[in-house]
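Below: one structure, written as structure tokens.
In this note's numbering, the protein residues as written are 1 to 122.
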């Protein structure tokens with residue numbers, strides 16, 4: 001089980017980063033209603049705004065994978081390449097907290113937690 005704090009700390013290792021001309025910092029992860037929401041500060045030139053990524057975790061071939069439902073900077077949608085990169089980073093952040101050899105069977109998001117269940121493979 002991962003808390004919002006656990007995932008925020010894991011996300012912090014990927015920041016700051018530049019996405020489509022914006023520098024993203026200060027990630028905060030929120031969990032609920034089956035979704036992961038990542039909010040960041042986005043700086044573009046002298047403007048400061050918010051970047052928001054909404055994702056759904058899924059199980060694919062025994063691994064947790066994240067589908068990006070939306071990704072915006074100041075309300076403007078991010079390109080597909082950026083969305084794919086973000087999905088990969090979220091996949092890595094979650095996988096990094098799982099035991100090696102775990103074959104994931106379910107992943108749920110509720111009550112400010114992300115819960116991953118599976119079976120250990122030797």
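Think of the CB as a built atom: it goes at the ideal place given N, C-alpha and C, for glycine as much as any other residue.
Three-state secondary structure assigned by DSSP to residue i
{"i": "residue 8", "result": "helix"}
{"i": "residue 26", "result": "strand"}
{"i": "residue 77", "result": "strand"}
{"i": "residue 3", "result": "strand"}
{"i": "residue 18", "result": "strand"}
{"i": "residue 114", "result": "strand"}
{"i": "residue 101", "result": "coil"}
Nonlocal neighbours in the same chain, by C-beta distance under 8 Å from residue i, ignoring five residues either side
{"i": "residue 16", "result": "23, 24, 25"}
For residue i, the first and last residue of its enclosing alpha helix (DSSP H)
{"i": "residue 95", "result": "80-95"}
Closest by C-alpha distance to residue i, when choosing among the options
{"i": "residue 103", "options": "88, 35, 97, 61", "result": "61"}
{"i": "residue 95", "options": "31, 49, 37, 115", "result": "115"}
{"i": "residue 37", "options": "72, 13, 46, 98", "result": "72"}
{"i": "residue 91", "options": "40, 3, 65, 9", "result": "65"}
Segment limits, beta strand (DSSP E) that includes residue i
{"i": "residue 13", "result": "That residue, residue 13, is in no beta strand (DSSP E); it is neither H nor E in DSSP."}
{"i": "residue 53", "result": "47-60"}
{"i": "residue 38", "result": "35-44"}
With 16 other Cβ atoms within 10 Å as the buried cut-off, status of residue i
{"i": "residue 19", "result": "buried"}
{"i": "residue 31", "result": "buried"}
{"i": "residue 46", "result": "exposed"}
{"i": "residue 7", "result": "buried"}
{"i": "residue 58", "result": "exposed"}
{"i": "residue 89", "result": "buried"}
{"i": "residue 99", "result": "exposed"}
{"i": "residue 79", "result": "exposed"}
{"i": "residue 142", "result": "Because the chain is modelled from 1 through 122, residue 142 falls outside the range shown and cannot be assessed."}
Close beta carbons around residue i, own chain, < 7 Å, minus the five adjacent residues each side
{"i": "residue 68", "result": "53, 55, 83, 86, 87"}
{"i": "residue 108", "result": "115"}
{"i": "residue 10", "result": "93, 96, 97"}
Close Cβ partners of residue i (< 6 Å) along its chain, the five nearest in sequence each way excluded
{"i": "residue 121", "result": "101, 103"}
{"i": "residue 118", "result": "102, 103, 104, 105"}
{"i": "residue 43", "result": "23"}
Closer than 8 Å: residue i CB and nearest the ligand GTP heavy atom
{"i": "residue 58", "result": "Absent from the structure shown: the ligand GTP. Ligands present: none."}
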